[in-house]
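Following this note's numbering, the numbering of the sequence shown begins with 1 at its first residue and continues without gaps.
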Amino acid sequence: MRNKLVIFLPLTVMIGLFVFGYLSVIQTEEVNNEQLDSHTELTIDLKGDEGTVSASWNWDAMPSDGIAGDDYIEIVLFDENEKVLPDAGTEGILELGQRDDVIYTVEETVQTEDGLMMVFPNRTEDNVTYGNRGSLVISFDPGAEVHGAEVRYAHTWVEHEAFTGEGLTEDRIDFTPDIPHWVLRRSTISPDGE
């Protein structure tokens, strides 16, 4: 009797683990780049007394069709009447992360019609993924009377020449050549954050 228990107990555990693993794999939802917007967490935080606005993003899933190209993130600042303050942002720093490490840093900002934009890569090199998680901080003059902020995040998934638009709104976004993309927006002004 004891010999049967020694054989059947580990065998039962192995079969159970195999079945559970198989069911987990077949139930995993596959996401492509076009659907990634619904699997991206985007947040924004305005600290007017410190003269900073920070934003972060994180993909809940990696796209099954791979990653390539550049992504773009724009910070727009508003006064108390929700009027855009295009020149209020002074400088910024963007960091891409993997686990607890910073793997890429950008300090170059591009002035847009509404605010400051930063560009960062999407790629995978030597088991390191760039672009799926990151954060940025934009500084502004505390005397600028900033009362609100919005982050706009544009994701592309093909290599392209350049961004030639004037901002990250659908009426101003322009790529050469025209490429597939989506834009997420979050705001500190509206109650639902969009």
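Cβ coordinates follow ideal geometry from the N, Cα and C atoms, glycine included.
Which residue marks the beginning of the beta strand (DSSP E) containing residue i, and which one marks its end?
i	result
D71	70 to 78
K83	That residue, K83, is in no beta strand (DSSP E); it is neither H nor E in DSSP.
R123	123 to 125
N58	52 to 59
D65	Careful: D65 lies outside any beta strand (DSSP E) and carries neither H nor E.
E41	40 to 47
V183	181 to 187
What does the alpha-carbon distance come out to for the pair residue i and residue j?
i	j	result
E41	E74	16 Å
A154	L17	41 Å
I212	V151	With the chain running from 1 to 194 in the structure shown, residue 212 is simply not present.
T169	E113	11 Å
D65	E159	13 Å
I173	E166	6 Å
E108	T124	22 Å
W57	R133	6 Å
G193	Q111	Annotation note: pLDDT 48 at G193 (below 50); position unreliable, coordinate value reported separately. C-alpha separation (whole angstroms): 24 Å.
I93	A55	11 Å
S181	M62	The sequence shown places His at residue 181, not Ser. Using only the alpha carbons, I get a separation of about 16 Å.
F175	E161	8 Å
V183	H147	23 Å
V76	T164	18 Å
G131	P121	6 Å
D49	A144	11 Å
D87	K47	18 Å
G89	I67	30 Å
Y22	P10	18 Å
T156	M14	43 Å
Let me know if residue i comes out buried or exposed under the rule of 16 or more other beta-carbons within 10 Å of its beta-carbon.
i	result
N81	exposed
R99	exposed
D126	exposed
T12	exposed
F8	exposed
F20	exposed
I138	buried
V102	exposed
S38	exposed
G69	buried
D60	exposed
I44	buried
L5	exposed
D71	buried
N32	exposed
Runs of beta strand (DSSP E) wholly within the segment 97 to 162 (minimum 3 residues, chain order)
101 to 106, 115 to 121, 123 to 125, 128 to 130, 133 to 140, 148 to 156
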